[in-house]
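The opening residue of the sequence shown carries number 1 in the UniProt record's numbering; numbering runs sequentially from there.
Every residue, glycine too, gets a C-beta built ideally from N, C-alpha and C.
Bear in mind that the values here come from a model prediction, so they are computed numbers and not experimental data.
Everything below concerns the one structure shown next.
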Amino acid sequence: MQIPISKFDAISQQTIQIREPVLADGARMWRIAEDSRVLDTNSSYAYLLWCRDFADTSIIAEIDGEVAGFVIGYTRPAWPRILFIWQVAVDHPHRGHGLGVDMLDALMESCALRGVAQLETTIAPDNPASVAMFASLARRRGAALTRTTLFTADQFPGGHQPEDLYRIAPVTTQEEWR
Ligand SMILES: CC(C)(COP(=O)(O)OP(=O)(O)OC[C@H]1O[C@@H](n2cnc3c(N)ncnc32)[C@H](O)[C@@H]1OP(=O)(O)O)[C@@H](O)C(=O)NCCC(=O)NCCS
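Written out as structure tokens, the structure is:
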């Protein structure tokens, strides 16, 4: 599966498009992050910058022409074969229909085609939806999901949950692992 992906969902009668973000998506991404009430909301500037400089390691889902979810990530500068996923969000009305895992799967595929071999993310212990989504992605790709400690609560100024590091490996293209 290569992006962009466009499909018509016969059950919801909606057109879903998965594609790289462009600058014009930044404001809506910021709004979705803010409305999630779970994510740390970065400045609106950060989302614009992400759309400008990290579009090829990020992804947008559009439903009937409106941005409904996003994934922002980057390849680690010292370890370019590792894709780090910073944030995933799906706007409330669109949750529970597989959009989160579909976006991650599409991004994983496009990054695997460019040599990425491992995916990393961090998840706070009080976010079972996120753990379930990454577990589902790993199952879909026949890869292992492992967890280690990364950032402890006392490392964050101003109070914050700890963040565990989750790794999915190996990341392969669909053709390679099937
Ligand atoms: C986490 C989030 C992105 C999931 O998006 P989504 O489109 O609803 O997720 P999906 O429908 O793709 O579900 C993927 C898997 O996670 C599971 N899942 C989704 N939400 C869940 C929840 N609240 N509790 C438990 N499992 C959940 C699904 O059952 C599915 O598992 P399956 O494939 O084994 O059936 C969405 O809830 C969200 O935006 N949350 C707020 C932001 C956030 O926490 N982001 C993640 C950290 S960066």
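Could you pull out every residue in the same chain whose Cβ sits closer than 6 Å to the Cβ of residue i, ignoring the five residues on either side in sequence?
i, result
"residue 21", "51, 55, 58, 60"
"residue 46", "none"
Judging by CA-CA distance, which residue of the options is the nearest neighbour of residue i?
i, options, result
"residue 144", "100, 150, 169", "169"
"residue 130", "101, 45, 14", "101"
"residue 142", "171, 161, 157", "171"
"residue 18", "8, 113, 149", "8"
"residue 48", "27, 38, 64", "27"
"residue 115", "62, 85, 81", "81"
"residue 14", "46, 104, 64", "64"
"residue 10", "78, 39, 97, 105", "97"
With a CB to CB cut of under 8 Å and the five nearest residues on each side skipped, what residues in its chain are close to residue i?
i, result
"residue 166", "120, 121, 122, 123, 131, 134, 145, 146, 147"
Measuring only the C-alpha atoms, how far is residue i from residue j?
i, j, result
"residue 36", "residue 109", "26 Å"
"residue 94", "residue 159", "30 Å"
"residue 136", "residue 44", "30 Å"
"residue 41", "residue 152", "20 Å"
"residue 177", "residue 140", "11 Å"
"residue 154", "residue 138", "30 Å"
"residue 163", "residue 149", "7 Å"
"residue 86", "residue 6", "24 Å"
"residue 78", "residue 62", "32 Å"
"residue 156", "residue 76", "21 Å"
"residue 83", "residue 104", "11 Å"
"residue 74", "residue 99", "20 Å"
"residue 39", "residue 72", "12 Å"
Please go through the same chain and pick out, in chain order, the residues whose beta-carbon is closer than 7 Å to the beta-carbon of residue i, but skip the five residues on each side of it.
i, result
"residue 4", "17, 18, 19"
"residue 112", "171, 172, 173"
"residue 161", "124, 125, 126, 153"
- Query: Taking one C-beta from the stretch 114 to 133 and one from the stretch 24 to 32 each time, how about it: are there three or more such pairs within less than 8 Å?
  - Reply: In short, these stretches do not touch, since the Cβ pair count stays below three.
- Are the stretch 9 to 27 and the stretch 36 to 52 in contact at 8 Å, needing three or more beta carbon pairs? As far as the Cβ criterion goes, the stretch 9 to 27 touches the stretch 36 to 52, which means the pair count is three or higher.
- Task: Inspect the CB distances between the stretch 85 to 96 and the stretch 64 to 72 and report whether three or more fall short of 8 Å.
- Result: By the Cβ criterion, the stretch 85 to 96 is in contact with the stretch 64 to 72, since at least three pairs of Cβ atoms, one from each stretch, lie closer than 8 Å.
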